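Data block below; observations after.
Residue numbers (the working numbering): 4 to 398.
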């Protein structure tokens, strides 16, 4: 009997001209075993939450995580040598995952990390339990941050100081941002990572740091960070602008790390230049974790060609996943996890599997295959065929 597994996997995909093609997949992922040598960059993957499709709740109104699969994915990231950025926007924080569920996630992941030698985890603290429309003053924002900091630190967690929609709504000047950040940082038990999230990821954050002028906003942010350097581990900048990241990186206190949040240009920013480099806190690392681990291992071995060979093919995929409207990138992240067998369904919190088009998903599939990210191309093709059949393709 012929071994069909030796035949190239194939699936019918739609094309922009409304025709279809029989797309044949390439070789499966080739993942070298870990050498055990530490990376010379800190690398945190912002991980997604796996929804429970069997839950009887209405997805738009009440999130229902599959805790077993959600935590298993975190173990997958740790096993590859990556750290975890928990309960961030990749986990649909404030976009399906509310604060009570986020805290439950943080507690579960932090407890699990204690059982994994060397596991690194930072967790997002924000103000999302405070409805921005209900915020009346800067003091309301301060109290909201204090609530989440206390809860995460009480669970033994390290903190990522997230941007606040409520602060963006009530602040009247850069001084209001300085007041809030100075107050909260002074109380932090351990150095935190500050996350500057651009409005391309969350439109409610337009004008963050008190101005729409990004250069002026950077002046405010750098001033806050450097004045509180002892309480700041690093800063993640998510503006999708490599020049602004490099400029900010060069202005930071020497004790403060830069964590790239640039899902378009991460490879060159992590590689760095003669004046420095960025570490990483990236949503795309959720989808490309094995390639990221291979790239970082090559960099630790001073193998720059190997670093770029591992990362290079993933960049077109990342730029596609994070294309405008950028806030819908979570759909692509979860889709890759589904195609690779990390979950048995393409269901998301809040029903957000519907935020990208059939053509977007088809091109994502092609790019993921070209990047060599499918460990089982036949499984990926079969799962893609099921999704395409929903749209009447190949049915």
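Glycine residues also receive a C-beta, built at the ideal position from the N, C-alpha and C atoms.
This one's a predicted model, so the numbers in the text were calculated from it and none came from an experiment.
| Query | Result |
| --- | --- |
| Residues that residue 24 bridges to, as DSSP identifies them | 16 |
| Beta-carbon proximity of residue 160 to residue 109, cut-off 8 Å | yes |
| Nonlocal neighbours in the same chain, by C-beta distance under 7 Å from residue 111, ignoring five residues either side | 70, 74 |
| Three-way DSSP call (helix, strand, coil) for residue 261 in this model | strand |
| Minimum C-alpha distance to residue 185 - residue among 140, 317, 233 | 233 |
| Counted within 10 angstroms of its Cβ, other Cβ atoms place residue 393 as buried (16 or more) or exposed | exposed |
| Cβ-based burial, residue 208 [other Cβ within 10 Å; buried from 16] | buried |
| Between the CA atoms of residue 138 and residue 42 - distance to the nearest angstrom | 43 Å |
| Residue 86 and residue 46 closer than 8 Å at C-beta | yes |
| Residues of its chain near residue 221, where Cβ-Cβ distance is below 6 Å and the 5 sequence neighbours each way are ignored | 251 |
| In DSSP terms, what residue 241 is bridged to | 200 |
| Collapsed DSSP secondary structure at residue 53 in the structure displayed | coil |
| Where residue 20 falls, given that 16 or more other Cβ within 10 Å makes a residue buried | exposed |
| DSSP-derived helix/strand/coil call for residue 270 | helix |
| Exposure of residue 63, with buried meaning 16 or more beta-carbon neighbours within 10 Å | exposed |
| Length of the line joining the Cα atoms of residue 225 and residue 287 | 26 Å |
| As assigned by DSSP and simplified to three states, the class of residue 61 | coil |
| With 16 other Cβ atoms within 10 Å as the buried cut-off, status of residue 136 | exposed |
| Limits of the alpha helix (DSSP H) - the one that residue 285 falls within | No alpha helix (DSSP H) contains residue 285, which is instead part of the beta strand (DSSP E) from 282-285. |
| Short Cβ contact (8 Å threshold) for residue 223 with residue 180 | yes |
| Terminal residues of the alpha helix (DSSP H) in which residue 187 lies | 177-190 |
| Between the CA atoms of residue 255 and residue 293 - distance to the nearest angstrom | 31 Å |
| Segments assigned alpha helix (DSSP H), at least 4 residues, entirely inside the stretch 340-394 | 361-373, 380-393 |
| Proximity to residue 107 [Cα-Cα], best of 316, 67, 340, 313 | 67 |
| Residue 87 - DSSP class collapsed to helix/strand/coil | strand |
| Residues near residue 116 in its chain [Cβ-Cβ closer than 6 Å; skip 5 each side] | 122, 124 |
| 8 Å Cβ cutoff met for residue 78 and residue 126 | no |
| Residue from 99, 299, 22 with nearest C-alpha to residue 350 | 99 |
| Same chain, Cβ closer than 7 Å to residue 7, neighbours up to 5 away in sequence not counted | With a pLDDT of 48 at residue 7, under the threshold of 50, the predicted position of this residue should be treated as unreliable, and no value is reported. |
| CB of residue 332 within 8 Å of CB of residue 325, strictly | yes |
| Alpha-carbon to alpha-carbon, residue 381 and residue 346 | 16 Å |
| Nearest residue (CA-CA) to residue 366, options 246, 28, 133 | 28 |
| When 178, 307, 187 are compared against residue 213, the one with the closest alpha-carbon | 178 |
| Where residue 397 sits in the DSSP three-state scheme | coil |
| Reference residue 266, options 239, 257, 260, 276, closest by Cα | 239 |
| Contact check, residue 195 vs residue 167, beta carbons under 8 Å | no |
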